[in-house]
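Asks:
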Amino acid sequence: MQTTSDGLPKIIDCFDFTGAGDVDTSVIKEGDSKNVLIGLSGRKLRIPQKWINPSGKWHLGLKALYKPKMLSSREAPKKLPEIDCIVWFDGDKWNACIETLEGKLERAKVLTSFRDSHEYGIFISNEFEIAYCITVHNNGNLLEIFMAYKNHGSIVAQIAAANFPKNPDQNGLAPGAQIIAINVLDPQTNFSIVPQNMQAVIKALQKCIEMKVDIVNYSLSYFAGDGEIEKLLYEMVYKHNILLFKSAGNDGPFYSTVRKCDSNVENLIFTIGAILTSEMKKQIYMLPDNVDDSPPVVYSFSSRGPGAYGSKGLNFVAPGAVIVNLPSFNYPWKRHYFYGTSCSSPNGAGAIACLLSGLKENSIQYSPASMKFVLFKTAHLPKINANIFEFGHGIIQIDVAFSYFKHKLSDIKDGNKTCEVKVTALEKSFTNLCVQYVKEDDRMQSIVNERTKKILKFTPRNQTETYSFPIKTSQLHEICVYYPTMEYYFPSNAKFEININFTKNQNCNK
């Protein structure tokens, strides 16, 4: 996780928007004649001669960092002993040192803002070691310490984009991709989805827009239905062309276990479920190589559709388990097995990062809408025991998707369009609705010839005209969930889908 496959820094920058790493360093002191400072803890700190500080002014702070949550721990994060923090300006840049517990500053690591140097330190305590980096704000009056409080972010980052030059078999999906790491869950809240953490999510999304990222992986299952967040997501997708990947959740195996609170932005997001393949069984679960290959199956924990308003609930599936290197604070464990849709989401995001690289190299335009549609057209849905509520559109196939973009969509000016469709139920039934609009480069006649279904042609005369399409329900079985799709094609090569999810009610009266 140091460099990309091209030799660029792997991690561009790190941010902690929870406030857990913020240190007030507005107190300014000067050393005595022997270069000794009295820290805010009362400790005597002898400043090394090699620390250049033309002004002689030292910004001091005091911080009790949180102990990271170990692999085997079920306890809430606890605070560590307070440490003195020292910040100063060397005439060129701001520097900071937090390794002050032992008072031996000659050997302590001095860092500057990570985005400028891409350097980090190792904080050592009696129980663990943990990597950290810093950013200095407000002319030295605020120090931001970034560190991992759980394994989760490190695991997700490795799946999506790890690069191990000496061990390429451990690489992630996109070893050439660069990463921006952002903490949004405060350890003080035990990493819960609470309002104060939603404010951190808002800041994180705004930072993603500012830094012009291509893909956001959000392995927290849901955005909590926050109106301000939803507004930001629309801006990210429609204005800035950012792809949003989200884990489907680990509430399976029952149907309709995907989160419903994201229903207002479900059309914007790539929601990814988790599958288990034959190769994974051999590599992770140590099954013999001579075991016959079997079709991929959805993990029992992976949340299923249908979602709100008739949607599938999830879009695609990807491998949902991994064996990865652990952060150093998990010593003596070095590698471990993890599973969950938090593994499948970065798997999908990393795969699409490779696809985007190819599209950009060939100057092929794309949008989140066209990306979702092409992946839908090219995804692999196993023929045995596969249904759309478990698999979504299927398993992402980036090579086929790239070919589709290159040969069928490369000359189309892309864009995001919206439309509104209303469905009225004439009988007592459970009816929801989902509408998607995308652009496609197939000729209308060739699309029609692919299907044996009846084609209804009509010419709209005005924007308010209504068309009715009856659905016959008399032969449907009770309790079962049905998912018909109406597809609309136009001579301009545009298409939108109406997916209707409904059930036939069972009479339970005795």
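Here the sequence shown is numbered in the UniProt record's numbering, starting from 1 and rising by one per residue. Note that beta-carbon positions come from the ideal geometry of N, C-alpha and C, so glycine has one too. None of these values were measured; they are calculated from a predicted model.
1. With C133 as the anchor, note down where its alpha helix (DSSP H) starts and where it stops.
2. With DSSP run on the structure shown, which of helix, strand or coil describes V184?
3. Would you mind sorting F123 into buried or exposed? The rule is 16 or more other CB atoms within 10 Å of its CB.
4. Is F17 helix, strand or coil by DSSP?
5. With T18 and V184 assumed to form a contact (beta carbons below 8 Å), what rounded beta-carbon distance in angstroms separates them?
6. Can you list, in chain order, the stretches of the alpha helix (DSSP H) that have 4 or more residues and sit fully within the stretch 343-372?
7. M371: buried (16+ other C-beta within 10 angstroms of its C-beta) or exposed?
8. Would you list the one or two residues that DSSP bridges to S247?
9. Kindly provide the ranges of any alpha helix (DSSP H) runs that are 4 or more residues long and lie completely inside the stretch 135-172, ordered along the chain.
10. Run the CB neighbour count on D116, radius 10 Å, all protein chains shown included, and call it buried at 16 or more, exposed below.
11. Identify every residue that forms a DSSP beta bridge with D84.
12. Return the bridge partner residues of C97 from the DSSP annotation.
13. By Cβ distance, which residues of its chain are closer than 6 Å to E390, with the 5 residues on each side in sequence left out?
14. Checking 8 Å against the spacing of the C-beta atoms, do I193 and V216 come in under that value?
15. Give the straight-line distance between the Cα atoms of V374 and N151, rounded to the nearest whole angstrom.
16. Using a Cβ-Cβ cut-off of 6 Å (strictly less than) and excluding sequence neighbours within five positions of A204, which residues of its own chain qualify?
17. What does a CB cutoff of less than 7 Å around S345 pick up in its chain, not counting 5 residues either side in sequence?
18. Apart from the five residues on each side of it in sequence, which residues of its chain come closer than 8 Å, Cβ to Cβ, to Y66?
19. To the nearest whole angstrom, what separates the beta carbons of G61 and T25, a pair I think is in contact under 8 Å?
20. Hey, how far is the Cα of S446 from the Cα of D292?
21. Can L233 and Q206 be called in contact, C-beta distance under 8 Å?
22. From the DSSP output, in three-state form, read off I11 for me.
23. Rounded C-beta distance between K63 and C85? I'm assuming under 8 Å.
24. Which residues bound the beta strand (DSSP E) around I229?
25. Report yes or no: do three or more beta-carbon pairs, one from the stretch 263-271 and one from the stretch 311-328, lie closer than 8 Å?
26. Considering just the uninterrupted stretch of the beta strand (DSSP E) at F123, what are its terminal residues?
27. Around the C-beta of F15, are 16 or more other C-beta atoms found within 10 angstroms, so that it is buried, or is it exposed?
28. Give the straight-line distance between the Cα atoms of C208 and P168, rounded to the nearest whole angstrom.
29. Can you tell me which of S41, D262, K360 and I388 puts its alpha carbon nearest to the alpha carbon of D214?
30. Relative to the C-alpha of G394, which candidate in T341, P296, I352 and F405 has its C-alpha closest?
31. Pick out whichever of A177, G31 and I275 has its Cα sitting closest to the Cα of A349.
32. Would you mind working out which of I12, S5 and F376 sits nearest A174, comparing C-alpha positions?
33. Within 10 angstroms of its Cβ, does F254 collect 16 or more other Cβ (buried), or is it exposed?
34. Do three or more CB pairs link the stretch 129-136 to the stretch 85-101 at distances below 8 Å?
35. Out of curiosity, what's the CA-to-CA distance linking C419 and I323?
36. Have a look at the DSSP bridge pairing and note the partners of N325.
Replies: Per the coordinate set shown:
1. Looking at the DSSP string, C133 is not in any alpha helix (DSSP H); the run it does join, the beta strand (DSSP E), is E129 to H137.
2. coil
3. buried
4. coil
5. 7 Å
6. none
7. Buried.
8. I272
9. Those alpha helix (DSSP H) runs which fall completely within the stretch 135-172 and span 4+ residues are 152-161.
10. exposed
11. L62
12. For C97, DSSP records a beta bridge to I86.
13. V298 and R304
14. In terms of Cβ geometry, I193 and V216 do not form a close pair [threshold 8 Å].
15. Cα-Cα distance, rounded: 33 Å.
16. F17, I182 and V184
17. Result list for S345: N217, S219, F245, K246, S247 and I272, in chain order.
18. Shown here for Y66: same chain residues with a beta carbon closer than 8 Å to its own, the five before and five after excluded, namely A20, P77, K78, K79, L80, Y149, P187 and Q188 in chain order.
19. About 4 Å; that satisfies the 8 Å criterion.
20. For S446, the predicted structure reports a pLDDT of 32, less than 50, and the residue's modelled location is therefore unreliable. The matter cannot be settled from this model.
21. no
22. strand
23. Contact holds; Cβ gap of about 6 Å.
24. Segment G227 to Y238 is the alpha helix (DSSP H) holding I229; no beta strand (DSSP E) there.
25. Contact between the stretch 263-271 and the stretch 311-328 is present, because at least three Cβ pairs lie under 8 Å.
26. G121 to I124
27. F15 should be labelled buried.
28. 29 Å
29. K360
30. Of the candidates T341, P296, I352 and F405, the one whose C-alpha sits nearest the C-alpha of G394 is P296.
31. A177
32. S5
33. exposed
34. By the Cβ criterion, the stretch 129-136 is in contact with the stretch 85-101, since at least three pairs of Cβ atoms, one from each stretch, lie closer than 8 Å.
35. Unreliable placement is indicated for C419, whose pLDDT of 48 sits below 50; no coordinate value is reported for it.
36. R335
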